[in-house]
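In numbering that gives the first Met the number 0, the protein residues as written are 0 to 102.
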Amino acid sequence: MLLISVQASAQNVGIGVPNPGAKLEVAGGVKISDSNNIGGQVRIISGTPGAGEMLTSDATGLATWQTISPTTYSIGLHPELGGYVFWVSSDGKQGLVAETQNQ
């Protein structure tokens, strides 16, 4: 049984939610299908999206747009990479890592 509810006073719509607390509140999974092959794109216009930004969420699921800083590497020990960076491209975005132990 599909439960769709509308709160006329607040103009909220719920799918699987008896009393939606937002403009659209969905209980369960959401699937966006592009069966008509019209591009398969979703546009989120809330917040302050911009070029080079990524939609990220916190521990409660609250999503915000964040500027992504490109990671650059330098020669030396990088424990997060699992070893020593011994070669780096001229832009610092690619490199080669040697393990700290013989595998």
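For every residue, glycine included, the Cβ atom is placed at its ideal position computed from N, Cα and C. Keep in mind it's a predicted model, so treat the numbers as computed, not measured.
For residue i, name the three-state secondary structure that DSSP assigns.
| i | result |
| --- | --- |
| Leu80 | helix |
| Ser32 | coil |
| Val41 | coil |
| Thr70 | coil |
| Asn191 | As displayed, the chain neither begins before 0 nor continues past 102, which places residue 191 out of reach and without an answer. |
| Thr63 | strand |
| Ala26 | coil |
| Asn101 | coil |
| Gly49 | coil |
Is residue i buried or exposed, if buried means 16 or more other CB atoms sit within 10 Å of its CB?
| i | result |
| --- | --- |
| Pro19 | buried |
| Gly46 | exposed |
| Gly13 | buried |
So residue i is in the beta strand (DSSP E); what residue range does that whole segment cover?
| i | result |
| --- | --- |
| Leu54 | Glu52 to Ser56 |
| Leu95 | Gly94 to Glu98 |
Assuming residue i and residue j form a contact by the criterion Cβ under 8 Å, report the distance between their Cβ atoms to the nearest whole angstrom.
| i | j | result |
| --- | --- | --- |
| Pro78 | Trp64 | Not confirmed; about 30 Å, so no contact. |
| Leu23 | Gly15 | About 12 Å; that fails the 8 Å criterion. |
| Gly94 | Tyr83 | Not a contact, Cβ separation roughly 10 Å. |
| Ser73 | Val87 | 6 Å |
Would you call the segment 16-36 and the segment 46-62 touching, i.e. three or more CB-CB distances under 8 Å?
no
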